[in-house]
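Everything below concerns the one structure shown next.
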Amino acid sequence: MQDLINSCSPRITWIPGKGKSHVWSSFSLVKVDDQIQDFAVCTECKMAIVWKSKDGTNSLRKHVCENQLPKRMKLSNLMYGSAQTSSFCDSYPREILEGTVNVYKLSKEEVQRMVDEASDRISLTPGKGKSEVWMTFSILEVDGKQMDLALCNQCNLVVTWKSKDGTNGLRKHVCKQERLLQAVGNFSKYPAKPPIRAPELEEAAAIMCGTDLRPLDIIKGQGFLNFI
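The sequence shown begins at 1 in UniProt numbering and counts up by one.
This is the structure in structure tokens:
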């Protein structure tokens, strides 16, 4: 089994671990010729470990990974690094290369980058609850898995959010786009200067003629009448 994994054999396929244990964020199940095996593979060091569903995750917890790099650094290398920074071959499981298995280990900055690049791994769901805050926020999902993050629908900024904390964190978000729209709205509320009516304009023109000693015929010309 280990030889097949090390050689990146096309006979090998991978599936995410079953269960809610956080241990499965570091392991994948193995299929050989489309048949599930009694093995799990560490996503960090690619070591195959004997595993049976009836035994739970005890054997996986005992595994001491030879790769001592932090998971987040490893994940960053897999997502953004060059071939020289990664020891994984091209045919290594897509789920691991694209971070699906370790999706909960993604930092807010990494998710923000995915949002900015319009990654197809990002999806949005409406906020849960009756608060008006959810009119301007959506819950973020990566690879279909809900994150402890929300996205401002106006400025596309990723904000930390946990359901147990309610919407307090979201209320503190100062949206630049919203402030701009509010400023434009306030500007449009200023009352417009009322238009000058024709009689008032004619009277003002007559006073002008008297003050400047100009003939009143000026305000009787067709040009002036068209003006008022």
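Note that CB positions come from ideal geometry on N, CA and C, so glycine has one too.
Cβ contact annotation for T13 (same chain, cutoff 6 Å, sequence separation greater than five): K31, in chain order. Secondary structure at P199: helix, using DSSP grouped into helix, strand and coil. For L170, same chain residues with a beta-carbon under 7 Å away, outside a window of 5 residues either side, are V133, F137, A150, V159 and W161 in chain order. Counting other Cβ atoms within 10 Å of its Cβ, A204 stays below 16 and is therefore classed as exposed. E110 carries a helical assignment under DSSP once its states are collapsed to helix, strand and coil. Taking a C-beta distance under 8 Å as the contact criterion, W24 and D38 do not qualify as a contact pair. In this structure, the CA atom of D212 is about 12 Å from the CA atom of I218.
Judged by DSSP secondary structure, Q154 falls outside any beta strand (DSSP E); it is assigned neither H nor E. Inclusion of I5 and K46 in the CB contact set at 8 Å is warranted, their separation being smaller than that value. Buried is the label assigned to I139, since at least 16 other Cβ atoms lie within 10 Å of its Cβ. Nearest Cα to F27 within the set H63, D34, S7 and D33: H63. For the 8 Å CB-CB criterion, G17 and L29 form a contact.
Ranking E202, D148 and Q2 by CA distance to the CA of S107 puts D148 first. With respect to C42, I36 sits apart: the two C-beta atoms are not nearer than 8 Å. The criterion of a C-beta distance shorter than 8 Å is not satisfied by C175 and C209.
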